[in-house]
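Student: Chains as they are written, first to last, in the numbering used here: chain A, 473 to 688; chain B, 473 to 688.
There are 2 protein chains.
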Amino acid sequence: MPKSLAQQDIETIVKDQELIGRRHMQICDAGLKLFSRKGFHRTTVREIAEACGLGIGTLYSYIKTKEDILSLVYRRILESFEARMLEATQGIQDPRLQLKAALEETLKIYDECQDAVLLLYQESHALGRQGLQGLFDVDRTYVGFFREILDRGTRAGQFAVKEPHLLAVCILFLCAVWDLKRWNLQGYTLETIIESLTTLILNGISADRPMELQRQ
Amino acid sequence: MPKSLAQQDIETIVKDQELIGRRHMQICDAGLKLFSRKGFHRTTVREIAEACGLGIGTLYSYIKTKEDILSLVYRRILESFEARMLEATQGIQDPRLQLKAALEETLKIYDECQDAVLLLYQESHALGRQGLQGLFDVDRTYVGFFREILDRGTRAGQFAVKEPHLLAVCILFLCAVWDLKRWNLQGYTLETIIESLTTLILNGISADRPMELQRQ
DNA sequence: GGAACCCGATCGAGCGCTCGTTCAGGTTGA
DNA sequence: TCAACCTGAACGAGCGCTCGATCGGGTTCC
Numbered sequence: 473m474p475k476s477l478a479q480q481d482i483e484t485i486v487k488d489q490e491l492i493g494r495r496h497m498q499i500c501d502a503g504l505k506l507f508s509r510k511g512f513h514r515t516t517v518r519e520i521a522e523a524c525g526l527g528i529g530t531l532y533s534y535i536k537t538k539e540d541i542l543s544l545v546y547r548r549i550l551e552s553f554e555a556r557m558l559e560a561t562q563g564i565q566d567p568r569l570q571l572k573a574a575l576e577e578t579l580k581i582y583d584e585c586q587d588a589v590l591l592l593y594q595e596s597h598a599l600g601r602q603g604l605q606g607l608f609d610v611d612r613t614y615v616g617f618f619r620e621i622l623d624r625g626t627r628a629g630q631f632a633v634k635e636p637h638l639l640a641v642c643i644l645f646l647c648a649v650w651d652l653k654r655w656n657l658q659g660y661t662l663e664t665i666i667e668s669l670t671t672l673i674l675n676g677i678s679a680d681r682p683m684e685l686q687r688q
Numbered sequence: 473m474p475k476s477l478a479q480q481d482i483e484t485i486v487k488d489q490e491l492i493g494r495r496h497m498q499i500c501d502a503g504l505k506l507f508s509r510k511g512f513h514r515t516t517v518r519e520i521a522e523a524c525g526l527g528i529g530t531l532y533s534y535i536k537t538k539e540d541i542l543s544l545v546y547r548r549i550l551e552s553f554e555a556r557m558l559e560a561t562q563g564i565q566d567p568r569l570q571l572k573a574a575l576e577e578t579l580k581i582y583d584e585c586q587d588a589v590l591l592l593y594q595e596s597h598a599l600g601r602q603g604l605q606g607l608f609d610v611d612r613t614y615v616g617f618f619r620e621i622l623d624r625g626t627r628a629g630q631f632a633v634k635e636p637h638l639l640a641v642c643i644l645f646l647c648a649v650w651d652l653k654r655w656n657l658q659g660y661t662l663e664t665i666i667e668s669l670t671t672l673i674l675n676g677i678s679a680d681r682p683m684e685l686q687r688q
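Written out as structure tokens, the structure reads:
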């Protein structure tokens, strides 16, 4: 199995690969829960060890530093995002509909994983250079995915987009508004957000006015 | 002078109000510089004291906790933003042009104050409930400002916006893409960003297609 | 079969250190 | 003289991480 760019191995004392996998899972669960609730710095390694039912020493047989736990958490989050995203949009031919589907799925994911997205934006600077690079790489593939849709739509004459990469970044970023500005969006439903953002973006980039989408 | 909502006083040992003001200024400068470079948690109070030429004890005569320094920094940032914003857009009658000006000025501010905006998004959760409330309040007035433009434009028949508040939040948020996704936007100029975002948003919310803006 | 040995996962007390905060004493100016 | 301000050594809580000890189970050898 080829490893993605974000998959630099974490040094471990323990040898058994299958066991490492299981333990890393436990550590992820505990890490995500605690980091989300208290933040990276306020969470102690001891707490994480306790939360996953391991001794501190044991925990440190599966990681080298506290930072590794954050990396582990990030990896799993992003992997799951990528998988869901691809599944929800593959096979759709019409760029406009595909973009709509991509937006909708991203917003649904971001809705279900609020804590994770928040963590991603707030604590990523706790990662070192190497960890950050991994995040960047994954993000770039994400953006590239949106960008491809934009390119296809532009070639088909449906979209009028001067800077596809820039716009892809913006669109993906905009989806995070639901998580990062949640406190100022109470009262709205996920459906309203999806509709509003989809309308804004599709109108914003359409070569002609996409009336059929508004009517439907 | 009436104090804004964010202006709950910080407890100090020192009495002289004018001196407090001056010292708080020094502390802000040092805090912004160091927090931006190293983050809140990695910056020590000692470093801040040194950077503003005060002894640690002296510093603690002007604040009660480290958190107070962050509050202080945030306050100043937001105050300056608000002032610039209002100045740049007041008096513009046409909603479309006013929105354009507001976007442009916000992006310019966010360009000049990258570190500050990043700090705002990354470290605000280090603040306690009270400090956060203050931030929220200021942000709401900001958003309200955009919302007003949207409302005026909608009444004038220029914009077609179903959820003005939601959209105002989105627009303001979108401006931060330039700071929060900077690493993925290298190579673009501020001017390109301004143009792309303005086009996206104005097209996105316009009742009719605003061709004149594109031609000009 | 079972004694002797080995391997590697587990454990948690505690080391070494950082960092926010305090306080007793010094300095200054009116 | 005394209030206001300044100073930095000292404090101690809390943290990440290490390391020697333990133990269950597999393997070897008689």
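By construction, the Cβ of each residue, glycine as well, lies at the ideal position given by its N, Cα and C atoms. In this text, all values refer to a predicted model and were calculated from it rather than measured experimentally.
1) Can you look up Phe608/B in the DSSP assignment and give me helix, strand or coil?
2) Along chain B, in chain order, which residues have C-beta atoms closer than 9 Å to that of Lys634/A?
3) Just to check my reading of the structure: Leu592/A and Cys642/B have Cβ atoms closer than 8 Å, yes? What is that Cβ distance to the nearest angstrom?
4) Considering His513/B, what are the terminal residues of the alpha helix (DSSP H) in which it resides?
5) Please classify Ala648/B as buried or exposed, where buried requires at least 16 other C-beta atoms within 10 Å of its C-beta.
6) So which residues on chain A does Gly676/B lean against when the C-beta distance must stay under 9 Å?
7) Just the C-alpha distance for Arg547/A and Gly606/A, rounded to the nearest angstrom, thanks.
8) Helix, strand or coil: how does DSSP classify Ser678/A here?
9) As a quick exercise: from Cys585/B, Ala574/B and Lys580/B, pick the residue whose alpha carbon is nearest that of Tyr614/B.
10) What's the gap between the Cα of Val517/A and the Cα of Tyr534/A?
11) Tell whether a beta-carbon distance below 8 Å holds between Leu491/A and Ala588/A.
12) State yes or no: is the beta carbon of Gln594/A nearer than 8 Å to at least one beta carbon in chain B?
13) For Cys642/A, go through chain B and note every residue whose CB falls closer than 8 Å to its CB, in chain order.
14) Determine whether the beta carbon atoms of Met557/B and Phe645/B lie at a separation below 8 Å.
15) Please report the straight-line C-alpha distance between Gln570/B and Ser552/B, rounded to a whole angstrom.
16) Are the segment 625-635 of chain A and the segment 655-674 of chain B touching, with three or more C-beta to C-beta distances below 8 Å?
17) To the nearest angstrom, report how far apart Arg494/A and Glu519/A are at their CA atoms.
18) For Ile677/B, count the other beta carbons within 10 Å of its own beta carbon; 16 or more makes it buried, fewer makes it exposed. Which is it?
19) Give a yes or no on whether 8 Å exceeds the smallest Cβ distance from Asp623/A to chain B.
20) Compute the distance between the beta-carbons of Arg651/A and Leu604/A, then report whether it is under 8 Å.
21) Taking the DSSP output, what are the residues bridged to Phe631/A?
22) Of all the options Ile549/A, Asp540/A, Ile499/A and Ile541/A, which has the alpha carbon lying nearest to the alpha carbon of Leu526/A?
23) What are the boundary residues of the alpha helix (DSSP H) that includes His637/A?
24) If I'm right that Leu542/B touches Leu506/B with Cβ under 8 Å, what's the distance once you round it to whole angstroms?
25) Could you check whether the Cβ of Tyr660/B sits closer than 8 Å to any Cβ belonging to chain A?
26) I think Ile482/A touches Leu579/A, with their Cβ atoms under 8 Å apart; what is that distance to the nearest whole Å?
27) May I ask you to report which of helix, strand or coil DSSP gives Cys524/A?
28) According to DSSP, is Thr671/B part of a helix, a strand, or is it coil?
29) Does the beta carbon of Leu639/A sit closer than 8 Å to a beta carbon anywhere in chain B?
30) So Gln594/A and Gln594/B are supposed to be a Cβ contact under 8 Å. How far apart are they, rounded?
31) Can you tell me whether Met529/B is buried or exposed? The criterion is at least 16 other CB atoms within 10 Å of its CB, across all chains shown.
32) Taking CB distances under 8 Å as the criterion, tell me whether Lys653/B reaches chain A.
33) Just checking: is the beta-carbon of Gln688/A within a distance shorter than 8 Å of some beta-carbon in chain B?
34) Using only the alpha-carbon positions, how far apart do Arg619/B and Thr671/A sit?
35) I want to see whether chain A comes within less than 8 Å of Gly511/B, judged by CB atoms only; does it?
Tutor: With the given structure in hand:
1) In the second sequence, counting from the first residue as 1, residue 608/B sits at position 136. Three-state DSSP puts Phe608/B in a helix.
2) For the purposes of this step, residue 634/A is identified with residue 162 of the first sequence, where counting begins at 1. Per Cβ cutoff of 9 Å: Thr664, Glu667, Ser668 and Thr671.
3) Taking the first residue of the first sequence as position 1, residue 592/A is located at position 120. Taking the first residue of the second sequence as position 1, residue 642/B is located at position 170. The pair is not a contact, with the Cβ atoms about 19 Å apart (cut-off 8 Å).
4) Start at 1 with the first residue of the second sequence, and residue 513/B comes out as number 41. Note, His513/B: premise wrong, no alpha helix (DSSP H); not H, not E.
5) Within the second sequence, numbered from 1, the residue matching residue 648/B stands at position 176. With 16 or more Cβ atoms within 10 Å of its Cβ, Ala648/B is classed as buried.
6) Taking the second sequence and counting its residues from 1, one reaches residue 676/B at position 204. Result: Thr671, Leu672, Ile673, Leu674, Asn675, Gly676 and Ile677.
7) Position 75 of the first sequence, counted from the start, is the residue given in the question as residue 547/A. Position 134 of the first sequence, counted from the start, is the residue given in the question as residue 606/A. In this structure, the straight-line span from the alpha carbon of Arg547/A to that of Gly606/A is close to 9 Å.
8) Position 206 of the first sequence, counting from 1, holds the residue named residue 678/A. The answer is strand: DSSP assigns Ser678/A an E or B state.
9) Locating residue 614/B in the second sequence gives position 142, where the first residue counts as 1. For Tyr614/B, the closest of Cys585/B, Ala574/B and Lys580/B by C-alpha to C-alpha distance is Ala574/B.
10) By 1-based counting over the first sequence, the position of residue 517/A is 45. By 1-based counting over the first sequence, the position of residue 534/A is 62. Using only the alpha carbons, I get a separation of about 13 Å.
11) Here residue 491/A is taken as the residue at index 19 of the first sequence, counted from 1. Here residue 588/A is taken as the residue at index 116 of the first sequence, counted from 1. In this structure, Ala588/A does not lie closer than 8 Å to Leu491/A by Cβ.
12) Taking the first sequence and counting its residues from 1, the one referred to as residue 594/A is at position 122. Yes - at least one Cβ of chain B is within 8 Å of the one on Gln594/A.
13) Taking the first sequence and counting its residues from 1, the one referred to as residue 642/A is at position 170. Residues of chain B passing the Cβ test: Leu646, Val649, Ser668, Leu669 and Leu672.
14) In the second sequence, the residue the question calls residue 557/B occupies position 85. In the second sequence, the residue the question calls residue 645/B occupies position 173. No; because the gap between Cβ atoms is not below 8 Å, this pair is not in contact.
15) Residue 570/B sits at position 98 when you count from the first residue of the second sequence. Residue 552/B sits at position 80 when you count from the first residue of the second sequence. In this structure, the alpha-carbon of Gln570/B lies about 20 Å from that of Ser552/B.
16) yes
17) Locating residue 494/A in the first sequence gives position 22, counting from the first residue. Locating residue 519/A in the first sequence gives position 47, counting from the first residue. Roughly 19 Å between the two C-alpha positions.
18) The count along the second sequence starts at 1 and reaches residue 677/B at position 205. Classification for Ile677/B: buried.
19) Reading the first sequence from its first residue, position 151 is the one you call residue 623/A. No, Asp623/A lies away from the interface with chain B (no Cβ there is under 8 Å from its Cβ).
20) In the first sequence, residue 651/A corresponds to position 179, counting from 1. In the first sequence, residue 604/A corresponds to position 132, counting from 1. In the sequence under discussion, the amino acid at residue 651/A is Asp, which differs from the Arg named in the question. Annotated as distal: Asp651/A and Leu604/A, with beta-carbon spacing of 8 Å or more.
21) Working through the first sequence from its first residue, we reach residue 631/A at position 159. Phe631/A is bridged to Ser678/A.
22) As a first step, residue 526/A is located in the first sequence; it is residue number 54 there, counting from the start. When each option's Cα is compared against that of Leu526/A, the closest is Ile499/A.
23) The count along the first sequence starts at 1 and reaches residue 637/A at position 165. Start and end: Pro636 to Cys647.
24) One-based indexing of the second sequence puts residue 542/B at position 70. One-based indexing of the second sequence puts residue 506/B at position 34. No, Leu542/B and Leu506/B are not in contact; Cβ-Cβ is about 11 Å, not under 8 Å.
25) On the second sequence, position 188 is the one that residue 660/B refers to. Chain A contact via Cβ: present.
26) By one-based count along the first sequence, residue 482/A stands at place 10. By one-based count along the first sequence, residue 579/A stands at place 107. Not a contact, Cβ separation roughly 32 Å.
27) Sequence index remark: in the first sequence, residue 524/A carries index 52 (1-based). Residue state, collapsed to three classes: coil.
28) Within the second sequence, residue 671/B is the residue found at index 199, counting from 1. Note: Thr671/B maps to helix in three-state DSSP.
29) Here residue 639/A corresponds to residue number 167 of the first sequence, with the count starting at 1. Taking Cβ atoms only, chain B reaches closer than 8 Å to Leu639/A, which makes this a yes.
30) Against the first sequence, residue 594/A aligns to sequence position 122. Against the second sequence, residue 594/B aligns to sequence position 122. So it is a contact: roughly 6 Å between Cβ atoms.
31) Here residue 529/B refers to the residue found at position 57 of the second sequence. Strictly speaking, residue 529/B in this sequence is Gly, with Met absent from that position. The residue is exposed, with fewer than 16 neighbouring Cβ atoms inside 10 Å.
32) As a position in the second sequence, residue 653/B is number 181, starting the count at 1. Chain A contact via Cβ: present.
33) Taking the first sequence and counting its residues from 1, the one referred to as residue 688/A is at position 216. Any reading at Gln688/A is ruled out, since the residue's pLDDT is 36, under 50, leaving its predicted position unreliable.
34) By one-based count along the second sequence, residue 619/B stands at place 147. By one-based count along the first sequence, residue 671/A stands at place 199. In this structure, the straight-line span from the alpha carbon of Arg619/B to that of Thr671/A is close to 18 Å.
35) The residue labelled residue 511/B in the question sits at position 39 within the second sequence. Taking 8 Å as the threshold, the shortest C-beta distance from Gly511/B to chain A falls below it.
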